[in-house]
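Novice: Sending over a structure as structure tokens; questions will come in a sec.
Residue numbers (mature numbering (1 follows the signal peptide of the UniProt record, and there is no 0)): -22 to -1, 1 to 64.
Here is the structure:
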């Protein structure tokens, strides 16, 4: 039952979103919630998965909005945006 509620919420959120960042956030949060809930079999795991997935989806969506820019990691693991290297 929990999986169905989370899945429906993720789909509705993704459909209602306008920008690529919002869509990435909604899809990431929904996917993270489903994975977190399934792996831990708890609401807490679903909540943590939703937050982690939402943040990741927002970063990916934001990088899509800025055409010609990509997300990279430096040698310390920090993320940054720069012009894409093709």
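Heads up, the beta-carbon is just placed ideally off N, CA and C, and yes, glycines get one too.
This one's a predicted model, so the numbers in the text were calculated from it and none came from an experiment.
1. Which first and last residues belong to the beta strand (DSSP E) in which residue 48 is found?
2. Would you be able to state if there are at least three C-beta pairs under 8 Å between the region 46 to 58 and the region 7 to 24?
3. Return the residue from the list 18, 17 and 13 that minimises the CA-CA distance to residue 31.
4. Counting along the chain, where does the beta strand (DSSP E) carrying residue 54 start and finish?
5. Using the Cα positions of residue 17 and residue -1, report the straight-line distance between them to the nearest angstrom.
6. When you compare the CB of residue 1 with every CB in chain C, is at least one pair closer than 8 Å?
Specialist: If we stick to the structure as given:
1. Run containing residue 48: 47 to 51, per the beta strand (DSSP E) assignment.
2. By the Cβ test, the region 7 to 24 is not in contact with the region 46 to 58, since fewer than three Cβ pairs between them sit closer than 8 Å.
3. Considering only 18, 17 and 13, the residue with the shortest C-alpha distance to residue 31 is 13.
4. Taken as a continuous stretch (DSSP letters only), residue 54 belongs to no beta strand (DSSP E), as it is neither H nor E.
5. A direct Cα-to-Cα measurement between residue 17 and residue -1 gives close to 25 Å.
6. Reference to chain C is not applicable here, since this structure consists of a single protein chain.
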